[in-house]
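Numbering (the numbering used here), first residue to last: 89 to 307.
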């Protein structure tokens, strides 16, 4: 059993900080961050390359701006820890008649799904916005079937020393907003069964990273 995130002592964010941060600006997200990050989310959905009848999980669905872009012949499950964000996702489901979408209020570090429940998993702007990224990644790998696809869309810290110093300086402010800036991709991958297939820089300003992995865990 994976430990619930609310019981983890983490130096960056607590689950309460995350919930409060995203609840504060749920009603503003689409007109601020949504406009900046909408196109990368759509690319991430395309990268999942969902096939007919597949089971897809989106971790940290937020206001649901990606939901209308999934295939309607797939079963889409989307989770978020913020009820305020999910209220906006429900509006997307109603507006676009997305009967193939199921929304759940759930801690990504303690998912209530059986092992191998999904063919593909996506997490957009999530991994740097949780108290313990390794616990969340462990859960994503667990619920994704062997050979399944896992796609991350996130800012990962730059290897450049100068840019890295700026990211560290910005980290306290970003923590107040509900995310961190100093997490590198290698730290995400270390100790996992994920094999990177491709990566791509995305807007805004090329600061985002799309990363597609295959889940190489044993069957």
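Note that the Cβ used here is the ideal one computed from N, Cα and C, for glycine as well. Owing to the predicted nature of the structure, the values given are computational and were not obtained by experimental measurement.
Worksheet item: So, using beta-carbon positions, are residue 271 and residue 299 closer together than 8 Å?
Response: Cβ distance not < 8 Å, so residue 271 and residue 299 don't count as in contact.
Worksheet item: By DSSP, does residue 208 sit in helix, in strand, or in coil?
Response: Strand.
Worksheet item: DSSP on residue 219, reduced to helix/strand/coil?
Response: Residue 219 falls in the coil class under three-state DSSP.
Practice prompt. Mind reading off the beta-carbon distance from residue 193 to residue 220? Whole number of angstroms is fine, and I expect it under 8 Å.
Written response: The beta carbons of residue 193 and residue 220 sit about 19 Å from each other, so the pair does not count as a contact at 8 Å.
Worksheet item: Can you name the residues that DSSP bridges to residue 296?
Response: Beta-bridge partners of residue 296 (DSSP): 290.
Discussion item. So for residue 173, helix, strand or coil by DSSP?
Written reply: Collapsing the DSSP output to three states places residue 173 in a helix.
Worksheet item: So, residue 138 versus residue 208, is the Cβ gap smaller than 8 Å?
Response: If you check the CB distance, residue 138 and residue 208 come in under 8 Å.
Worksheet item: What is the DSSP secondary structure of residue 146, counted as helix, strand or coil?
Response: In the displayed model, residue 146 falls within a strand according to three-state DSSP.
Worksheet item: For residue 193, which three-state DSSP category applies?
Response: Of the three classes helix, strand and coil, the one that applies to residue 193 here is strand, per DSSP.
Worksheet entry | Same chain only: Cβ atoms within 8 Å of residue 234, ignoring 5 sequence neighbours per side | Counting only Cβ-Cβ distances below 8 Å, and skipping sequence neighbours, we find 204, 303, 304, 305, 306, 307.
Item to complete: Could you check the C-alpha separation between residue 173 and residue 153 for me, to the nearest Å?
Response: Note on geometry: alpha-carbon atoms of residue 173 and residue 153 lie some 11 Å from one another.
Discussion item. Quick check on residue 202: buried or exposed, where buried means 16 or more other Cβ atoms within 10 Å of its Cβ?
Written reply: Under a 10 Å Cβ-count criterion, residue 202 is classified as exposed, with fewer than 16 other Cβ atoms of the shown protein chains found around its own Cβ.
Fill in: Residue environment, residue 185, which counts as buried when at least 16 other CB atoms sit within 10 Å
By the Cβ-count criterion, residue 185 is exposed, with fewer than 16 other Cβ atoms from all chains shown falling within 10 Å of its own Cβ.
Worksheet item: By the 10 Å Cβ neighbour count, where 16 or more other Cβ atoms means buried, how is residue 245 classified, buried or exposed?
Response: Burial call: buried.
Practice prompt. Reducing DSSP to helix, strand and coil, say where residue 284 ends up.
Written response: Residue state, collapsed to three classes: strand.
Item to complete: Taking the CB atoms as reference points, tell me whether residue 166 and residue 146 lie closer together than 8 Å.
Response: A contact, by the Cβ cut-off of 8 Å.
Practice prompt. Measure the C-alpha to C-alpha separation of residue 232 and residue 181 and round it to an integer number of angstroms.
Written response: Here the alpha carbon of residue 232 sits roughly 24 Å from the alpha carbon of residue 181.
Worksheet item: Helix, strand or coil: which one does DSSP assign to residue 89?
Response: Any reading at residue 89 needs caution, since the residue's pLDDT is 29, under 50, leaving its predicted position unreliable; the model's value is listed next. The three-state reading of DSSP puts residue 89 in coil, since its state is none of H, G, I, E or B.
Fill in: Bridge-paired residues (DSSP) for residue 303
Beta-bridge pairing links residue 303 to 282.
Practice prompt. Return yes when the Cβ of residue 129 is within less than 8 Å of the Cβ of residue 277, no when it is not.
Written response: In this structure, residue 129 does not lie closer than 8 Å to residue 277 by Cβ.
Practice prompt. Please look up how many angstroms separate the CB atoms of residue 136 and residue 239, rounded, as I've assumed it's under 8 Å.
Written response: Contact check for residue 136 and residue 239: beta-carbon distance about 6 Å, within the 8 Å limit, so the pair qualifies.
Discussion item. Closest to residue 197 by C-alpha separation, out of 288, 218, 275, 189, would be which residue?
Written reply: Nearest of 288, 218, 275, 189 to residue 197, Cα basis: 218.
Worksheet entry | Cross-strand partners of residue 239 (DSSP beta bridge) | For residue 239, DSSP records a beta bridge to 210, 300.
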